[in-house]
Amino acid sequence: MIPAWIFAALALLPVSAPPAKFVISGIVVDERTQQPIKHALVTVTQNEHPDRNASLFTSADGHFTFTDVPAAKYTLQAEVHGEQRTFEQDGQYSTGIVTGPGLDSEHIVFRFSVPGSIAIKIEDEEGEPVPGAQVTLFAKDVNAGWPQIRLVMQNATDNEGALRLAHLQPGTYYLAVMGRPWYAQNQPGPQTPEQQSETAALDVAYPLTYYPSTQNPSAAAPITLAAGEKVQLQMTLRAVPAIKISLEGVPGSRDPAHNGGIMSAVEATGPGGIRFQVQSYGFQQQDGAREIRGVAPGNYIVSVSTFGTPTRYDEPLGAAKISGSGEVKIDTSNLVRTAVAGHLSLEHPGPVNGLTLLLAQPANNQTAFCRVAQDGAFQCGEGRGLGRNLVPGYYQLRLVNTPDLYIKSVSTQGGRYAGGLLQIGEGQSIQLNVVAAKGRSRLDGIALRDQKPVSGAMILLVSRNAEPGLVVPRDQSDSDGTFTLRDVQPGQYYLLAIDHGRGLEYHNARVLAPYLGGAQKIDVPLVRDERVTVNVQARGH
5 MIPAWIFAAL ALLPVSAPPA KFVISGIVVD ERTQQPIKHA LVTVTQNEHP
55 DRNASLFTSA DGHFTFTDVP AAKYTLQAEV HGEQRTFEQD GQYSTGIVTG
105 PGLDSEHIVF RFSVPGSIAI KIEDEEGEPV PGAQVTLFAK DVNAGWPQIR
155 LVMQNATDNE GALRLAHLQP GTYYLAVMGR PWYAQNQPGP QTPEQQSETA
205 ALDVAYPLTY YPSTQNPSAA APITLAAGEK VQLQMTLRAV PAIKISLEGV
255 PGSRDPAHNG GIMSAVEATG PGGIRFQVQS YGFQQQDGAR EIRGVAPGNY
305 IVSVSTFGTP TRYDEPLGAA KISGSGEVKI DTSNLVRTAV AGHLSLEHPG
355 PVNGLTLLLA QPANNQTAFC RVAQDGAFQC GEGRGLGRNL VPGYYQLRLV
405 NTPDLYIKSV STQGGRYAGG LLQIGEGQSI QLNVVAAKGR SRLDGIALRD
455 QKPVSGAMIL LVSRNAEPGL VVPRDQSDSD GTFTLRDVQP GQYYLLAIDH
505 GRGLEYHNAR VLAPYLGGAQ KIDVPLVRDE RVTVNVQARG H
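Numbering (my numbering), first residue to last: 5 to 545.
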C-alpha cells in the first residue's frame, strides 16, 4: 500500500502545460478581380521542419483554416489549376506566416495572381496555316534588381499553324517566329546543274519575324499581358530563298582515323541583345564537311565545336557572325572564340576542389559555370550556349556551393572587372585571378513603421562602396516583420526596407538614391550578435 504522503508530494510537483496552439486562416482571392477562389489547394509548411505540413481546399467562399498549429514560422502556398504561388510572392521571395502569442495569423488575404496566355495563329502569304513554325517568347521584367529581357520558352505550331503559350505571369512580352513551308526541300552535298535547278525553287524558309511584322528586333512590339488575360495574335510569314552555310576546314574532316564529329548551332540576337538558338538543319558529308540549311537570310551567330575527339570529348572551336544570302562559307580555322579561365585561391589554407564559380549575366539571365580543379584552375562556359563559347556581356561573379566562402578580390588579364561586373567582349581570352575568403554571415532583423512590425517589405543590404554590380543580399519581411539576410560578406552597408518593392531596379543608382537618406548604416560583421531594426520607407515611384 502506497503511503498517503507520497500522493500529497506528487500533487505538489509542477505539471508542464501542453504547448500553446494557434490558427492560420484567411481567404484566397483573384488578385485582379478580388473575387474569392474556391477549391484552391492551400498548404502550410513549417520552415524549420519541411516534413511538417498540412493541406486543404478552400471553401466555396475562398476561406481556409488550419487549427492546432504550433508556434513557428511557416510558408503558405496556394495552388489553382496546377499553378502554385507562395504568399506575397516576389520572384524567389515571399512572406512567411509567423504564429505565436500576440501575433495575428487569422486574417490573411492571399491575393493569387491568375496566369494569362498568348495564343498565336501563323499563316503564309496565301492565308494557309504554317505548321511546325518555331515560336520564341521573351519576357521583359526586373529580376534581382536588374532590368532584363529573358527567354521564356520555345515551341512549335501545330498542324493548323496555331500555338497557345500558357501559364504566363502578368507583364511585358516579345514574340519571334521562323520556320519552313511544308513543301520546303533541300538536297545536301554537291548537286548537278539539273538538280540545283529542280530544288532551288523549293529550298525556301520563313525569315525570323518579330511580332507584329518586322525582322528588326529593336522594332518588335511589346505585348502587354494582364493577370488572367487571354491574348489572341496573328502573324503572316512570307517564304524567301534559304541560305546554305558551309563549314570549311573542319578539323579531322579528311582524316579516316579521326572519330570525332562536329556540332553547330545557329543563334540570333533578339530584343535587348539576348542571344537564342534558331531552327536549322545540319548535314555532315562523307568527307566530313558540314552544311547548315533551312535558314532564311538574316544576321546570325554560328557556334561550332567538336565532340568525341581522341583527346577531348567536347572542344569548342568558336563562333562566326554571318549575314547574307545564297551560300555563306565559314572557315572554321578563323572562328572567334570567347573564353574565360583562371585560378581560384583561398586567403586561408584549404582545399578548393569541388568549388564552383558562377558567371551570371543580369541583362538576360544567361549563366556559365566554372568548375574549380584540385589545383585551383578553372575554365568557364558550361551553361547556356554551345561548349564554352561564351556570350559577350557583363557578368556577376559568385561562389555558389560553399556555405562560408565569398569572393574577396578579382584581378584580370585581357578583360575588365569594375563595379562588381566582369566585362566579356567578343573574341576575348580572359584570365581571372580570384581570391576567396571565409567570413560569410547572416543578419537577422525586424522591419518597423511607427514602431510596429511591417509585413512584406523588401529588405536590401547595399554596399556603401558605390559598386552597383555587387550581389545585394535581399529578403522579404514575414508577417511579424522579421527577416534574415544570408550569405553576407564583411563590409560597410546601407540597410533598407521598402514597402511594395516588387519590380524595383535597385541596382540602378538613380532609382536607389531617394531611399539612401532613410537607410541605416551598418558594418558587417556586427560587433554584437543581435537583431537589427530598420524603418520601412514608402515606395516613391
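Even glycine gets a Cβ: it sits at the ideal position worked out from N, Cα and C.
Query raised in the report: Would a C-beta distance cut-off of 8 angstroms place residue 114 and residue 278 closer than the cut-off?
Result: Numbered from 1 along the sequence shown, position 110 holds the residue referred to as residue 114. Numbered from 1 along the sequence shown, position 274 holds the residue referred to as residue 278. No, Cβ-Cβ distance for residue 114 and residue 278 is not below 8 angstroms.
Requested in this report: Drop a sphere of 10 angstroms on the beta-carbon of residue 248, count the other beta-carbons inside from all chains shown, and report buried for 16 or more, exposed for fewer.
Outcome: Indexing the sequence shown from 1 puts residue 248 at position 244. By the 10 Å Cβ count, residue 248 comes out buried.
Query - Segments of 3+ residues assigned as beta strand (DSSP E) that fall wholly inside the region 323–367 - result: Fully enclosed beta strand (DSSP E) runs of 3 or longer: 331–335, 343–350 and 360–365.
Requested in this report: For the region 74–85 and the region 96–105, state whether three or more C-beta atom pairs, one from each stretch, are separated by less than 8 angstroms.
Outcome: By the C-beta criterion, the region 74–85 is judged to be in contact with the region 96–105, since at least 3 inter-stretch pairs fall below 8 angstroms.
Query raised in the report: In whole angstroms, what is the alpha-carbon distance linking residue 316 and residue 372?
Result: Looking up residue 316 in the sequence shown gives position 312. Looking up residue 372 in the sequence shown gives position 368. Summary for residue 316: the model assigns pLDDT 49, below 50, so the residue's position carries little reliability; its value from the coordinates is reported in the next sentence. C-alpha separation (whole angstroms): 20 angstroms.
Query raised in the report: Using a Cβ-Cβ cut-off of 8 angstroms (strictly less than) and excluding sequence neighbours within five positions of residue 129, which residues of its own chain qualify?
Result: As a working note, residue 129 is residue 125 in the sequence shown. Spatial neighbours of residue 129 in its own chain (CB-CB distance under 8 angstroms, excluding positions within 5 residues in sequence) are listed in chain order as 240, 241, 242 and 243.
**Report entry** Nonlocal neighbours in the same chain, by C-beta distance under 7 angstroms from residue 187, ignoring five residues either side
**Finding:** The residue you call residue 187 lines up with position 183 of the sequence shown. These residues qualify, in order along the chain: 206.
Query - residue 469 vs residue 496 beta-carbon contact at 8 angstroms - result: Locating residue 469 in the sequence shown gives position 465, where the first residue counts as 1. Locating residue 496 in the sequence shown gives position 492, where the first residue counts as 1. In contact: residue 469 and residue 496 (Cβ atoms closer than 8 angstroms).
Requested in this report: Within the same chain, show all residues whose beta-carbon is closer than 6 angstroms to that of residue 445, passing over the 5 residues directly before and after it, in chain order.
Outcome: As a position in the sequence shown, residue 445 is number 441, starting the count at 1. Around residue 445: 492 and 529.
Report task. Please list, in chain order, all residues of the same chain as residue 117 whose beta carbon is under 7 angstroms from its beta carbon, the five residues on each side excluded. Result -> Looking up residue 117 in the sequence shown gives position 113. Excluding sequence neighbours, residue 117 sits near 35, 89, 173, 174 and 231.
**Report entry** The alpha helix (DSSP H) enclosing residue 515, as first and last residue numbers
**Finding:** Translated into positions along the sequence shown, residue 515 becomes position 511. Its alpha helix (DSSP H) spans residues 513–520.
**Report entry** For residue 462 and residue 527, the rounded distance between their alpha carbons
**Finding:** The residue labelled residue 527 in the question sits at position 523 within the sequence shown. The residue labelled residue 462 in the question sits at position 458 within the sequence shown. Rounded to whole angstroms, residue 527 to residue 462 spans 20 angstroms at the Cα level.
Query - Cut-off 6 angstroms between Cβ atoms - residues of its own chain near residue 433, not counting five sequence neighbours on either side - result: As a working note, residue 433 is residue 429 in the sequence shown. Only 343 and 418 meet the Cβ criterion.
Report task. Measure the C-alpha to C-alpha separation of residue 409 and residue 441 and round it to an integer number of angstroms. Result -> The count along the sequence shown starts at 1 and reaches residue 409 at position 405. The count along the sequence shown starts at 1 and reaches residue 441 at position 437. Looking at the two C-alpha atoms, the distance is approximately 5 angstroms.
Query raised in the report: Beta-carbon separation of residue 474 and residue 483 under 8 angstroms?
Result: As a first step, residue 474 is located in the sequence shown; it is residue number 470 there, counting from the start. As a first step, residue 483 is located in the sequence shown; it is residue number 479 there, counting from the start. Contact check for residue 474 against residue 483 fails: the beta carbons are separated by 8 angstroms or more.
Query raised in the report: Apart from the five residues just before and just after residue 360, which ones in its own chain have a Cβ nearer than 8 angstroms to its Cβ?
Result: Working through the sequence shown from its first residue, we reach residue 360 at position 356. Excluding its 5 nearest sequence neighbours in each direction, residue 360 has C-beta neighbours in its own chain below 8 angstroms: 373, 374, 375, 376, 403, 404 and 405, listed in chain order.
Query raised in the report: Below 8 angstroms between beta carbons: does that hold for residue 268 and residue 306?
Result: Within the sequence shown, the letter at position 264 stands for residue 268. Within the sequence shown, the letter at position 302 stands for residue 306. Taking 8 angstroms as the Cβ cut-off, residue 268 and residue 306 qualify as a contacting pair.
Query raised in the report: How about residue 180 and residue 140: do their beta carbons lie closer than 8 angstroms?
Result: Taking the sequence shown and counting its residues from 1, the one referred to as residue 180 is at position 176. Taking the sequence shown and counting its residues from 1, the one referred to as residue 140 is at position 136. Yes, the Cβ-Cβ distance between residue 180 and residue 140 is below 8 angstroms.
Requested in this report: Could you name the residues of the same chain whose beta carbon sits closer than 6 angstroms to that of residue 137, not counting the 5 residues immediately before and after it, in chain order?
Outcome: Along the sequence shown, one-based indexing puts residue 137 at 133. Answer for residue 137: 126, 161, 181 and 183, listed in chain order.
Query raised in the report: Of the choices 170, 58, 63 and 87, whose alpha-carbon is the least far from that of residue 30?
Result: Counted from its first residue, the sequence shown places residue 30 at position 26. Closest option to residue 30, Cα to Cα, is 63.
**Report entry** For residue 42, the first and last residue of its enclosing beta strand (DSSP E)
**Finding:** The residue given as residue 42 occupies position 38 in the sequence shown. Per DSSP, residue 42 lies in no beta strand (DSSP E) and is assigned neither H nor E.
Query raised in the report: What three-state label does DSSP hand residue 10 in the structure shown?
Result: To locate residue 10, count along the sequence shown from 1; it is residue 6. Legend: pLDDT at residue 10 = 48, less than 50; position of this residue unreliable, no value from coordinates given.
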